[in-house]
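*Asks:* Chains as they are written, first to last, in the numbering used here: chain A, 4 to 324; chain B, 202 to 481. Note that the Cβ used here is the ideal one computed from N, Cα and C, for glycine as well. The model shown is predicted, which means the values in this text are computed figures rather than measured ones. Pasting a structure here, questions to come.
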Amino acid sequence: MPEILGASQLVVELGARRGLLRHRAGVRAVDGVEISIAEGETFGIVGESGCGKTTLARTLLGLQRESAGEVRLEGRVVSGLDPRAARRARDAIQYVHQDPGAALDPWWRVGATLAEGLAIHGVGDRAEQQARIAGMLRAVGLDAALADRYPHELSGGQQRRIGLARILLLRPKVVILDEPTAGLDLSVQAAVLRLLRDLRAQFGLTYVFISHDLSVVRRVCDRVAVMYLGRVVEEGSAATLFAEPRHPYTRALIAAAPHLDGRESGPSLPGDPPSLRAVPPGCRFHPRCAHAAPSCATSEPVREVAAADHAVACLRWRVLA
Amino acid sequence: MTALRHLMRDPVAAFGLLIVVFAALVAVFAPWIAPHPDDAFESHLLQRLRPPSAEFPFGTDNLGRDILSRVILGTRNALLVAVAVVVAAMAIGVPIGLAAGWKEGWLSEALMRVTDVFLAVPQLILALALGQLLAPGIASAMVALALTYWPFFARTVFAETRRLRSALFVDALAGIGASPSRILFLHVLPNAAPAVLVRATIGMGFTILTAAILGFLGVGAAPPSPDWGLAVSEARQHLPEAWWFPTFPGLAILLLVLGFNLLGDGLRDAADPRLRRSRR
Chain A
4 MPEILGASQL VVELGARRGL LRHRAGVRAV DGVEISIAEG ETFGIVGESG
54 CGKTTLARTL LGLQRESAGE VRLEGRVVSG LDPRAARRAR DAIQYVHQDP
104 GAALDPWWRV GATLAEGLAI HGVGDRAEQQ ARIAGMLRAV GLDAALADRY
154 PHELSGGQQR RIGLARILLL RPKVVILDEP TAGLDLSVQA AVLRLLRDLR
204 AQFGLTYVFI SHDLSVVRRV CDRVAVMYLG RVVEEGSAAT LFAEPRHPYT
254 RALIAAAPHL DGRESGPSLP GDPPSLRAVP PGCRFHPRCA HAAPSCATSE
304 PVREVAAADH AVACLRWRVL A
Chain B
202 MTALRHLMRD PVAAFGLLIV VFAALVAVFA PWIAPHPDDA FESHLLQRLR
252 PPSAEFPFGT DNLGRDILSR VILGTRNALL VAVAVVVAAM AIGVPIGLAA
302 GWKEGWLSEA LMRVTDVFLA VPQLILALAL GQLLAPGIAS AMVALALTYW
352 PFFARTVFAE TRRLRSALFV DALAGIGASP SRILFLHVLP NAAPAVLVRA
402 TIGMGFTILT AAILGFLGVG AAPPSPDWGL AVSEARQHLP EAWWFPTFPG
452 LAILLLVLGF NLLGDGLRDA ADPRLRRSRR
């Protein structure tokens with residue numbers, strides 16, 4: 004399948020400020036990310052909180068401006084534009100927020116919120132808006148009468164469906180899902196995942212699936228990138244990555260994931276990820292890595308191909324394999 | 202209508218609304234309700250300072266005018282001042298707050314520092330100074346009050362805009378390509394409305410109070426117009442004998458200010474859709 008969305012050497016610096024007297028350096032929330040997402044697949048991005056997943060998503064979307072690097076959408080370069088032009092150029096990408104309830108204006112009825120997106124995108128005719136909204140609500144498995152409700156009157160699962168309906172009305176090609184299952188109980192979670200699968204088939208979507216829930220990622224994603232401190236440390240097809248994780252960080256994440264069947268999960272990672280203001284030299288993961296060698300503190304790992312459709316950025320992956 | 206029904210369920214707010222509606226009705230029909238409508242300008246020196254009686258339920262003042270009639274006639278002035286001042290203050294304060302809150306930068310800083318300067322000067326002093334500068338009278342008192350009350354709206358709207366600017370739904374709107382003016386006027390402003398509404402309602406009470414103080418100090422309404430603050434001021438020389446003279450205009454001020462404050466509190470709860478009960 005051809006690439007639909009990709010990025011190379013993508014750098015996003017946050018919080019840099021140029022004052023009259025002093026310059027404040029920003030932090031690199033995303034630092035040299037390479038990704039390539041093929042049309043029609045579900046691409047997972049996993050990592051701990053604060054590793055730059057959401058920043059990466061917002062940058063791909065165009066809401067956050069990239070500091071360096073390139074973003075490609077359907078073969079066109081869509082980076083280096085001013086924010087409004089960038090967003091317009093990336094209309095085919097849409098984003099579903101982590102907290103779908105808070106992403107809806109509490110003062111607007113759900114139907115009005117849905118119609119607004121259409122109005123912004125040039126569908127002004129009331130009758131056509133209503134018809135499309137009714138159709139979309141059916142597609143996401145909601146009753147059309149729900150359009151008269153206010154966001155706070157809906158359940159978490161319903162809010163999530165509304166969030167999906169809202170952006171699917173805009174007919175995107177790539178949908179970025181930020182933690183689409185966070186805060187849902189297991190039965191609702193399963194229903195939402197099933198719905199996502201059906202919608203992907205129905206509308207021919209490509210998903211970028213951001214999550215830290217490895218069990219969900221394993222189930223729904225075709226390919227997965229593991230992020231640590233703004234970098235992709237391992238990338239590959241979900242099957243190989245979960246079967247043969249190469250990077251110690253990926254291994255630790257998988258080992259630490261809780262199991263439902265009562266098996267002991269492995270030890271969780273020691274400590275918290277370091278601050279982006281004090282990125283460790285050499286391999287960024289070495290202070291927390293169980294297999295770190297002295298050389299890890301001095302030289303930076305580069306991305307190496309470990310197998311077909313499997314890349315890893317670790318100095319010692321061959322030794323550890 | 203849901204907001205109104207919710208308001209009626211809150212007995213305190215309903216009481217506030219009752220007072221305000223009652224005052225509004227009295228103001229509209231004042232000349233027909235007042236037993237002696239001519240007492241706005243006529244004096245009857247023979248019956249001065251009569252205590253409350255069947256003929257004059259609130260007694261008469263130093264010029265023999267029926268105090269009940271003058272309290273009723275004064276309602277119109279009080280409400281007019283309150284509404285005009287608050288509307289004018291909103292017209293100045295809300296756009297300034299929106300502009301300053303939406304974007305950071307020198308414009309925002311400049312607007313908020315000017316607001317701070319106005320806030321730093323005690324309102325009454327500034328109103329007094331402005332009232333003296335312009336010719337004393339009800340109009341100049343209104344101008345003075347509007348010019349001193351807008352910073353409260355600017356501050357309120359500024360804080361709300363800042364809060365909403367980083368709200369997730371604003372981000373989501375930017376995500377689907379909504380223009381800044383659409384976000385600002387269709388989403389941020391309505392979401393800031395409850396705070397503004399509460400501010401405005403309480404501001405009405407506050408304005409009535411300040412207008413009465415200005416009247417009392419001789420900067421507001423001029424005799425012989427029936428003004429509550431002015432009445433209390435004129436009554437000072439006849440205390441403590443003519444207790445009824447300041448008491449009834451004073452009670453009118455108290456009641457109306459109280460009504461606006463209770464209503465303001467109730468409105469805040471009623472206007473928030475998250476607190477509204479589902480209709481199903």
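1. Taking all protein chains shown into account, decide if B/Phe359 is buried (16 or more other Cβ within 10 angstroms of its Cβ) or exposed.
2. Which residue marks the beginning of the alpha helix (DSSP H) containing B/Gln324, and which one marks its end?
3. Rounding to the nearest angstrom, what Cα-Cα distance links A/Val177 and A/Val74 in this structure?
4. Determine contact between the segment 123 to 143 of chain A and the segment 184 to 196 of chain A, defined as no fewer than three beta-carbon pairs at a distance below 8 Å.
5. Between B/Ile349 and the rest of its own chain, which residues show a CB-CB distance below 6 Å, the 5 nearest in sequence each way excluded?
6. Specify the secondary structure class of B/Glu435 as computed by DSSP and reduced to three states.
7. What do you reckon, are the CB atoms on A/Glu44 and A/Arg226 nearer than 8 Å?
8. Starting from A/Ala105, find everything on chain B with Cβ-Cβ shorter than 8 Å and list it in chain order.
9. Do A/Val33 and A/Thr58 have their C-beta atoms closer together than 8 Å?
10. Under a CB-based cut-off of 8 Å, is B/His439 close to chain A?
11. How would you write the range of the beta strand (DSSP E) that B/Val213 sits in, first residue to last?
12. Pick out whichever of A/Gln133, A/His294 and A/Pro248 has its Cα sitting closest to the Cα of A/Asp312.
13. Looking at the secondary structure, which residues open and close the beta strand (DSSP E) in which A/Met230 lies?
14. Using a C-beta cutoff of 8 Å, does B/His207 count as contacting chain A?
15. Going by beta-carbon coordinates alone, are A/Arg93 and A/Val81 separated by less than 8 Å?
16. Taking 8 Å as the threshold (beta carbon to beta carbon), is B/Ala375 in contact with chain A?
17. Suppose you measure from the CA of B/Phe449 to the CA of B/Pro424; what does that come to, to the nearest Å?
18. Taking C-alpha atoms, which residue in A/Leu17, A/Val113 and A/Gly120 lies nearest to A/Asp151?
19. Among B/Arg266, B/Val371, B/Ser244 and B/Glu243, which has the Cα closest to the Cα of B/Pro253?
20. In this structure, what does DSSP give as the bridge partners for A/Tyr98?
21. For A/Ser271, count neighbouring Cβ atoms within 10 angstroms of its own Cβ and tell me buried if that reaches 16, exposed if not.
22. Any contact between the segment 456 to 472 of chain B and the segment 402 to 411 of chain B? By contact I mean 3 or more CB pairs, one from each, below 8 Å.
23. Any beta carbon of chain A sitting closer than 8 Å to that of B/Ala471?
24. Do you know whose CA, among B/Pro352, B/Leu365 and B/Gly419, lies nearest B/Ala401's CA?
25. Could you tell me if B/Gln333 is buried or exposed, where buried requires 16 or more neighbouring beta carbons within 10 angstroms of its beta carbon?
26. My output table needs one value for B/Phe257: the three-state DSSP class, helix, strand or coil.
27. Label B/Val288 either buried or exposed according to how many other C-beta atoms from any shown protein chain fall within 10 Å of its C-beta, with 16 as the threshold for buried.
28. Taking 8 Å as the CB-CB limit, is B/Asn392 close to chain A?
29. Compare the C-beta of B/His237 with all C-beta atoms of chain A and state if any pair is closer than 8 Å.
30. Under the three-state reduction of DSSP, which class applies to A/Leu76: helix, strand or coil?
31. Keeping to the same chain, check which residues put their C-beta closer than 6 Å to that of B/Ser479; ignore five residues upstream and five downstream.
32. Starting from A/Leu57 and walking both ways along the beta strand (DSSP E), at which residues does that stretch end?
33. Rounded to the nearest angstrom, how far is the Cβ of A/Gly29 from that of A/Val14, given a contact under 8 Å?
34. For A/Ala71, name the three-state secondary structure that DSSP assigns.
35. Tell me which same chain residues have a C-beta within less than 7 Å of the C-beta of A/Glu216, skipping the five on either side of it?
36. With DSSP as the reference, identify every bridge partner of A/Ser39, one or two as the case may be.
*Replies:* Reading it off the structure:
1. Walking along the second sequence from the start, residue 359 of chain B turns up at place 158. Residue burial is scored here from C-beta neighbours: B/Phe359 has at least 16 other C-beta atoms within 10 angstroms and is therefore classed as buried.
2. Position 123 of the second sequence holds residue 324 of chain B. Run containing B/Gln324: Gln324 to Leu334, per the alpha helix (DSSP H) assignment.
3. For the purposes of this step, residue 177 of chain A is identified with residue 174 of the first sequence, where counting begins at 1. For the purposes of this step, residue 74 of chain A is identified with residue 71 of the first sequence, where counting begins at 1. Rounded to the nearest angstrom, the two C-alpha atoms are 14 Å apart.
4. no
5. For the purposes of this step, residue 349 of chain B is identified with residue 148 of the second sequence, where counting begins at 1. The sequence shown places Thr at residue 349 of chain B, not Ile. Excluding positions up to five away in sequence, the list reads Gln324, Leu327 and Ala328.
6. By 1-based counting over the second sequence, the position of residue 435 of chain B is 234. DSSP places B/Glu435 in helix when its eight states are reduced to three.
7. Locating residue 44 of chain A in the first sequence gives position 41, where the first residue counts as 1. Locating residue 226 of chain A in the first sequence gives position 223, where the first residue counts as 1. Their beta carbons are under 8 Å apart, which means A/Glu44 touches A/Arg226 by this criterion.
8. Here residue 105 of chain A refers to the residue found at position 102 when the first sequence is read from its first residue. Per Cβ cutoff of 8 Å: Ala368, Leu369 and Phe370.
9. In the first sequence, residue 33 of chain A corresponds to position 30, counting from 1. In the first sequence, residue 58 of chain A corresponds to position 55, counting from 1. Contact flag set, yes.
10. Position 238 of the second sequence, counted from the start, is the residue given in the question as residue 439 of chain B. Chain A contact via Cβ: absent.
11. Residue numbering aside, residue 213 of chain B sits at position 12 when the second sequence is read from its first letter. For B/Val213, no beta strand (DSSP E) encloses it; the enclosing alpha helix (DSSP H) starts and ends at Pro212 to Val229.
12. To locate residue 312 of chain A, count along the first sequence from 1; it is residue 309. If we check each option's Cα against that of A/Asp312, A/Pro248 comes out closest.
13. Looking up residue 230 of chain A in the first sequence gives position 227. Looking at the DSSP string, the run of the beta strand (DSSP E) that includes A/Met230 is Arg226 to Tyr231.
14. What you label residue 207 of chain B is simply residue 6 of the second sequence in a count that begins at 1. Not closer than 8 Å to any Cβ of chain A, the Cβ of B/His207 fails to qualify, so no.
15. Taking the first sequence and counting its residues from 1, the one referred to as residue 93 of chain A is at position 90. Taking the first sequence and counting its residues from 1, the one referred to as residue 81 of chain A is at position 78. Taking a C-beta distance under 8 Å as the contact criterion, A/Arg93 and A/Val81 qualify as a contact pair.
16. By 1-based counting over the second sequence, the position of residue 375 of chain B is 174. Yes, B/Ala375 lies at the interface with chain A (some Cβ there is under 8 Å from its Cβ).
17. Mapped onto the second sequence, residue 449 of chain B falls at position 248. Mapped onto the second sequence, residue 424 of chain B falls at position 223. C-alpha separation (whole angstroms): 18 Å.
18. Counted from its first residue, the first sequence places residue 151 of chain A at position 148. When each option's Cα is compared against that of A/Asp151, the closest is A/Val113.
19. In the second sequence, counting from the first residue as 1, residue 253 of chain B sits at position 52. Looking at the Cα atoms, B/Arg266 is the closest of the given residues.
20. Counting from one through the first sequence, the residue named residue 98 of chain A turns up at place 95. Looking at the DSSP assignment, A/Tyr98 forms a beta bridge with A/Ile179.
21. Working through the first sequence from its first residue, we reach residue 271 of chain A at position 268. A/Ser271 comes out exposed.
22. As far as the Cβ criterion goes, the segment 456 to 472 of chain B touches the segment 402 to 411 of chain B, which means the pair count is three or higher.
23. On the second sequence, residue 471 of chain B is found 270 positions in, with the first residue counted as 1. No, B/Ala471 lies away from the interface with chain A (no Cβ there is under 8 Å from its Cβ).
24. In the second sequence, counting from the first residue as 1, residue 401 of chain B sits at position 200. Closest option to B/Ala401, Cα to Cα, is B/Pro352.
25. Taking the first residue of the second sequence as position 1, residue 333 of chain B is located at position 132. Counting Cβ neighbours within 10 Å, B/Gln333 comes out exposed, since fewer than 16 surround it.
26. The count along the second sequence starts at 1 and reaches residue 257 of chain B at position 56. Three-state DSSP puts B/Phe257 in coil, outside helix and strand.
27. By one-based count along the second sequence, residue 288 of chain B stands at place 87. Under this definition B/Val288 is an exposed residue.
28. Along the second sequence, one-based indexing puts residue 392 of chain B at 191. So yes, B/Asn392 belongs to the interface.
29. By one-based count along the second sequence, residue 237 of chain B stands at place 36. Not one chain A Cβ lies under 8 Å of B/His237.
30. Walking along the first sequence from the start, residue 76 of chain A turns up at place 73. Strand at A/Leu76.
31. For the purposes of this step, residue 479 of chain B is taken as residue 278 along the second sequence, with counting starting at 1. Confidence in B/Ser479 is poor, its pLDDT being 39 and thus under 50, which makes the residue's placement too unreliable to answer from.
32. The sequence position of residue 57 of chain A within the first sequence is 54, counting from 1. Note on residue identity: the sequence assigns Thr, not Leu, to residue 57 of chain A. Segment Lys56 to Leu64 is the alpha helix (DSSP H) holding A/Thr57; no beta strand (DSSP E) there.
33. Here residue 29 of chain A refers to the residue found at position 26 when the first sequence is read from its first residue. Here residue 14 of chain A refers to the residue found at position 11 when the first sequence is read from its first residue. Wrong, their Cβ atoms sit about 10 Å apart, outside the cutoff.
34. On the first sequence, residue 71 of chain A is found 68 positions in, with the first residue counted as 1. Residue state for A/Ala71 is assigned as strand, using DSSP reduced to three classes.
35. Residue numbering aside, residue 216 of chain A sits at position 213 when the first sequence is read from its first letter. First, the amino acid is wrong: residue 216 of chain A is Asp here, not Glu. Within the same chain, A/Asp216 has close Cβ partners Thr184.
36. For this step, residue 39 of chain A is matched to residue 36 along the first sequence. Beta-bridge pairing by DSSP links A/Ser39 to A/Gly9.
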